[in-house]
Every structure is written in structure tokens, then in C-alpha cells.
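Everything below concerns the one structure shown next.
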Amino acid sequence: MKDVETKALSITADYITRLDEISFIVRTGMKVYPICLETEATMPSCECRPLRKTHMPCKHFAAIFRHVDDVSFSSLCDIYTANPIFNLDGDLFNKSDNTLACFLNEDNSMEGLGEVKQTDDNLHCEPPSSSLLTGIEASSKKVRELLSKIHNLSFLI
Numbered sequence: 001m002k003d004v005e006t007k008a009l010s011i012t013a014d015y016i017t018r019l020d021e022i023s024f025i026v027r028t029g030m031k032v033y034p035i036c037l038e039t040e041a042t043m044p045s046c047e048c049r050p051l052r053k054t055h056m057p058c059k060h061f062a063a064i065f066r067h068v069d070d071v072s073f074s075s076l077c078d079i080y081t082a083n084p085i086f087n088l089d090g091d092l093f094n095k096s097d098n099t100l101a102c103f104l105n106e107d108n109s110m111e112g113l114g115e116v117k118q119t120d121d122n123l124h125c126e127p128p129s130s131s132l133l134t135g136i137e138a139s140s141k142k143v144r145e146l147l148s149k150i151h152n153l154s155f156l157i
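Mapping to the UniProt record's numbering: the sequence shown position 148 is 148, numbers consecutive.
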């Protein structure tokens with residue numbers, strides 16, 4: 001999400017036009033993107049490829065959240081925000097959060113992404129000391145492994 005927020009910095013308030021309570025137009029470069037936050041019957045929408053592909057908030061949503069005072073991630077419908085992807089990490093949309101996402105290995109290390117230490121019921125991520133793991137395939141594998149661990153741990157509750 002930090003990448004999306006960084007990309008949204010290039011979109012100023014001048015490039016955002018509010019059409020009504022839930023509809024906006026966001027201009028980036030030569031392109032115009034209609035944005036609809038949603039109603040109870042529809043999900044948030046934007047015509048950009050990242051949102052259509054991942055269904056995660058795109059830079060256009062981040063720009064709206066940043067520049068429009070009465071709109072934020074929490075103003076999206078509960079059906080969308082209750083998605084486990086958003087709820088696995090409560091700090092995902094916390095603007096003051098400066099931590100890296102951590103993907104655990106068997107030995108609680110992170111192949112170039114730092115160390116993870118567990119105290120009580122909390123996991124703590126230490127900043128990386130070597131180069132970051134790159135590539136979507138490697139990241140996807142780490143996410144699958146972490147989700148598998150979370151799934152297995154959910155049976156212990």
C-alpha cells in the first residue's frame with residue numbers, strides 16, 4: 001500500500017473533481033479515470049488496470065483519500081473493508097505506519113527482508129540488513145506461505 005500512496009503523491013487536489021457524494025473524476029497525465037466509491041450493492045470502482053486486476057485501492061483512491069476531507073478508506077462499505085486481506089494487517093492503511101510487510105520462513109527469517117521476532121502474541125519485524133527480495137513470483141510464494149501458516153493457526157483458536 002505504501003507504493004500506492006507514493007504514486008498518489010503526484011496527483012494534486014486540482015486533478016480531482018467531485019461529481020457527487022460517491023463519484024469523482026481523477027486526471028493523471030492525459031488520462032481521465034471515473035471513480036465510484038460504492039453503494040451497498042456495488043463495490044468501489046476505477047477504470048485503471050491495477051484496481052481491476054487486484055481489487056485493491058489504486059493510486060486514484062489514495063489521492064481522493066488524501067485530498068478530500070470527508071472521504072477515507074473507512075468510508076468505503078463494510079463488505080469491501082471487511083475483506084480478510086485488509087484485516088490481516090491492521091496497520092495496512094495507517095498513514096503513520098513506516099514498517100515493511102513481513103513474510104515468514106520456517107526459521108522466522110525473511111530472505112533479505114529482515115528478522116521477525118515473536119514476543120507474547122505479537123510479531124515484530126526488524127528492518128532488512130541486506131537487499132530486498134524482488135519479483136512478484138517470490139513475493140507471491142511468501143504470501144502463500146504466510147497465509148497457509150495463518151490458516152493452520154486459526155484451527156488452534
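In this text, a Cβ means the ideal position worked out from N, Cα and C, and glycines have one as well.
Nothing here was measured: the structure is a model prediction, and the numbers come from that model.
(1) Which ranges does the beta strand (DSSP E) cover as unbroken runs of at least 3 residues, wholly within the region 9-74, from first to last along the chain?
(2) Cα-Cα, which of K141, C77, I35 is closest to A62?
(3) Which value, in whole angstroms, describes the spacing of the CA atoms of S72 and T42?
(4) Cα separation between K142 and I85?
(5) Rounded to whole angstroms, what's the CA-CA distance from D70 to R27? Just pull it up for me.
(6) Can we count T17 as close to the ligand ZN, meaning its CB is less than 8 angstroms from some heavy atom?
(7) When the Cα atoms are used, what is the spatial distance from R49 to I79?
For this structure:
(1) 16-18, 23-28, 31-36
(2) Nearest C-alpha to A62: I35.
(3) 17 angstroms
(4) 15 angstroms
(5) 20 angstroms
(6) With respect to small molecules bound, the structure shown includes none, and the ligand ZN cannot be examined in it.
(7) 22 angstroms
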